[in-house]
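Numbering (our numbering), first residue to last: 120 to 405. For glycine and all other residues, C-beta sits at the position ideal for the given N, C-alpha and C.
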Ligand SMILES: [Cu+2]
């Protein structure tokens, strides 16, 4: 059966993933056309027309009730909206048009044109599908080359060039001095150890002297040498925090995902084109 006092004898049919506009009025007293599950409530007022924009994301049947105390039969005014795919919606519209204009059987001409219309409809649907697949494949192809050029070529080359010269110079100097010091330590460990202690002490002393005699230069040097490390650390930590925060927000709420919104908008645009093509084709030559 059906839901008691919720089912109607003439459902309001709309297309899902397509922008709709409902015009609401009343023939007697003030009513309110409301569907809580779709966040819709608009008053039906005699003598004026209210409008409300609808966009159903999912197909399905949505129930509501009159939400303005309107009289003794207020409890017996169900609202029922059926959200269907854009193809079913166009079928419904064309069916209504045929019914209302009584041109359902006009001989072979109508049979022929309805055949052409049906063929065109399914051809366009197929074309839409093909277009969607080709678009996805094309985007993947472009994405692949973007990723490859950026992470495969640009980033490694840039970082190699910028760091390799300094790194190699520094590494060679250090390696040579460490190897020669180790060799020296093998031959005469006391001398080498003494030299190492003196070397480190001299470095510390020079740095201290530098700090005492030239405080501004020393400060500048400290800031310069710590700048990179601090900057990189802050950058890394902030990036990680942003990433974690975004991930958390996305996992907590279902509609903050931009890719979801993009997908919905793309489908709405596609459905709009599809709808216009089918309807235009139907009315062509009538
Ligand atoms: Cu009512």
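| query | result |
| --- | --- |
| Residue 131 beta carbon near ligand 1 (any heavy atom closer than 7 Å) | no |
| Residue 145 versus 270, 134, 161, 130, residue with shortest Cα-Cα distance | 161 |
| Check: residue 201 C-beta below 7 Å from any heavy atom of ligand 1 | no |
| Length of the line joining the Cα atoms of residue 197 and residue 363 | 46 Å |
| Proximity winner among 185, 190, 389, 306, relative to residue 204 (alpha-carbon distances) | 389 |
| Alpha helix (DSSP H) segment containing residue 350, residue limits | 334-371 |
| Residue environment, residue 152, which counts as buried when at least 16 other CB atoms sit within 10 Å | buried |
| Every unbroken alpha helix (DSSP H) within the region 178-227, with a cutoff of 4 residues, ordered by chain | 205-220 |
| Member of 167, 174, 155, 164 whose CA lies at the smallest distance from the CA of residue 183 | 155 |
| Element boundaries [alpha helix (DSSP H), containing residue 168] | Taken as a continuous stretch (DSSP letters only), residue 168 belongs to no alpha helix (DSSP H), as it is neither H nor E. |
| Per-residue burial, residue 209 [other beta carbons within 10 Å of its own, 16 or more giving buried] | buried |
| Secondary structure of residue 258, DSSP reduced to three states | helix |
| Neighbour-count burial assignment, residue 269, 16 or more Cβ in a 10 Å radius | exposed |
| Any non-hydrogen atom of ligand 2 within 7 Å of residue 185 CB | In the structure on display, ligand 2 does not appear, and the ligands it does have are ligand 1. |
| Cα-Cα separation, residue 175 to residue 384 | 12 Å |
| In chain order, each beta strand (DSSP E) run of at least 3 residues that lies wholly inside the region 247-324 | none |
| C-alpha distance - residue 381 paired with residue 157, whole-angstrom precision | 20 Å |
| Closer than 7 Å: residue 138 CB and nearest ligand 1 heavy atom | no |
| Residues bridged to residue 154 [DSSP beta-bridge criterion] | 159 |
| Three-state class that DSSP yields for residue 134 in the structure shown | strand |
| Secondary structure of residue 245, DSSP reduced to three states | helix |
| Span separating the alpha-carbon of residue 129 from that of residue 202 | 14 Å |
| Cβ-Cβ separation, residue 218 to residue 387 (assumed contact under 8 Å), whole Å | Contact doesn't hold; Cβ gap of about 28 Å is too wide. |
| Residue span of the beta strand (DSSP E) that contains residue 143, given as start and end | 139-143 |
| Residue 401 - containing alpha helix (DSSP H), residue span | 377-402 |
| Nearest-angstrom beta carbon gap, residue 163 and residue 180 [assumed within contact, 8 Å] | Actually they do not touch by this definition, with Cβ atoms about 21 Å apart. |
| Local Cβ density within 10 Å of residue 333, reported as buried at 16 or more and exposed below that | exposed |
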